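In case it helps, this note's numbering puts the sequence shown at residues 787 to 1126. Think of the CB as a built atom: it goes at the ideal place given N, C-alpha and C, for glycine as much as any other residue. Source: prediction; values computed, not measured.
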Amino acid sequence: MVDEVDSVLIDEARTPLIISGAVDTPVDETFTTLKPGVQKLVKKQSSLVSDLVREAQKYIDDGDEDKAGLKLLQAQRGMPKNRQVLKIFQEPGMLKLAQDIESIHTRDKKMHEVDDDLYFAVDEKSHVMDITEKGRTLLAPDDPDTFVIPDLGEMLTEIDEKEDLSAVEKEAEKEKAHQLHAERSGTIHNFNQLLKAYTLYEKDVEYVMQDNKVMIVDEFTGRVLPGRRYSDGLHQALEAKENVRIERETQTLATITIQNYFRLYDKLSGMTGTAETEAEELGSIYGLDVTVIPTHRPISRDDRDDLVYKTKREKYNAAIEEITECHHKGQPVLVGNPIC
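Okay, here's the thing in structure tokens:
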């Protein structure tokens, strides 16, 4: 019997349940080594994004929507969770300007032109990070290729074509090529995980600090998830960011979604106050019928019509007035607010 069954079986249906175990390797210290470079890059990018937002506002004031949209898109791909970026996208029409420019550049396969002015580009939906040439030059001005994964196939072909090397020497060169590729790939992966930690994971939103440990916060309930750790080095990156002890990395031993897990049970039931609206999905996916049980006492709640406002600012002002009025009467108020 599942409590809040619609939330668990529908809203969190695709959430994976993971059994993990410690990797039998020493703690990777590269996160600590790479951290100063990441901080330098993020600081430069933050300053650049602030300039882009100001330029976008100037173009908006001048009536040049195309240039404004480009600057907004660059700011969004530079720092999607930057306060100034989030604030300007709350204004009517701003997000659409950026989306229109993104559609045009994606269609014409010219997204690189949007990203070239940035130090690194962030795809917020897929959580993919890409350090641009500008960023690589900032990090390693003498050797920007330090942050480029070499083409292993091309390297091996070049070794095979060297006629002055013996078979044994070629094998030794190939071993070095494989080692360089592995080291470079690992370094870039860890660097990208650190960038994610600084740009996409905000303290007290995606995670909290408790007893000098990084604790994941459930995105659906807002509750802390003890014992859970991000995979692929992301948790270690967050630990490096917060200057706490970096724990050993874990590996996934088994995984299953919540939906498939509960479908393993022969008998399944649950309760919730909002099951009727999800009746079709509960029936088609889990084969569960929904029964509405009447209240023990007559409902005394006063259900009023929705109040619709043209702008978020008007909506927030109205909410503040309502909260203030209730507070003066000594009436408790539960306020749900999005993360801005």
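- Under the 10 Å beta carbon count, Q965 is surrounded by fewer than 16 other beta carbons and is classified as exposed.
- Secondary structure note for M995: its beta strand (DSSP E) is the uninterrupted segment 993 to 996.
- Rounded to whole angstroms, the separation of the alpha carbons of L795 and T801 is 10 Å.
- A distance below 8 Å between beta-carbons, with the five flanking residues on each side excluded, links M787 to the following residues of its chain, in chain order: S1055, G1056, M1057.
- Residues of the same chain with a CB within less than 6 Å of the CB of M941, apart from the 5 flanking positions on each side, are A963 in chain order.
- In summary, G1008 is exposed, with fewer than 16 beta-carbon neighbours lying within 10 Å of its beta-carbon over all protein chains present.
- Per the C-alpha coordinates, the member of T1038, L1039, L1024 positioned closest to I1032 is L1024.
- In the three-state DSSP reduction, S1055 falls in the coil class, being neither helix nor strand.
- Inclusion of L981 and K867 in the CB contact set at 8 Å is not warranted, their separation being larger than that value.
- Per DSSP, L859 is one residue of the alpha helix (DSSP H) stretching across 851 to 864.
- In the DSSP annotation of this structure, the continuous segment of the beta strand (DSSP E) that includes S806 starts and ends at 802 to 808.
- Using a Cβ-Cβ distance cut-off of 8 Å, the region 1072 to 1080 and the region 1045 to 1055 are in contact, since at least three pairs of beta carbons, one from each stretch, lie closer than that value.
- With contacts defined as CB atoms closer than 8 Å, E1035 and V809 qualify as a contacting pair.
- V871 sits close to V839, with the two beta carbons spaced by under 8 Å.
- Bounds of any beta strand (DSSP E) do not take in A799, whose DSSP letter is neither H nor E.
- Rounded to whole angstroms, T1038 and G1019 show a C-alpha spacing of 12 Å.
- Here the C-alpha atom of F875 lies approximately 5 Å from the C-alpha atom of L881.
- Separation of R1049 and T1043 (C-alpha to C-alpha, rounded to the nearest whole angstrom) is 10 Å.
- Counting along the chain, no alpha helix (DSSP H) covers I1079, and no H or E run does either.
- Counting only the Cα atoms, S971 lies some 28 Å from L834.
- Under the DSSP assignment, F1048 falls in the alpha helix (DSSP H) whose first and last residues are 1044 to 1048.
- Taking 8 Å as the cut-off, the Cβ atoms of E1028 and V1000 count as close.
- Put simply, the backbone Cα of K895 is about 18 Å away from that of D852.
- The C-alpha of V1003 is placed about 6 Å away from the C-alpha of L1011.
- One alpha carbon belongs to S793, the other to T1060, and they sit about 9 Å apart.
- Bridge partners of V788 according to DSSP: G1056.
- For Q1117, the three-state secondary structure derived from DSSP is coil.
- For S832, the closest C-alpha among the options V1119, A907, V991 is that of A907.
- Exclusion of the five residues before and after M995 leaves K989, M1001, E1028, V1030 as the residues of its chain whose Cβ lies within less than 8 Å of its Cβ.
- Between D886 and D901, the C-beta gap is not smaller than 8 Å, which leaves the two residues out of contact.
- Secondary structure of F1006 (DSSP, three-state): coil.
- Contact annotation, Q862 with A884: C-beta distance approximately 6 Å; criterion of less than 8 Å satisfied.
- One thing to note: F1006 has its Cβ within 8 Å of the Cβ of E798.
- Between the alpha carbons of H1021 and R1015 lies a distance of about 6 Å.
- Taken atom to atom, the span from the alpha-carbon of K948 to that of P936 is near 19 Å.
- Distance from the CA atom of P930 to the CA atom of I1109, rounded to whole angstroms, is 55 Å.
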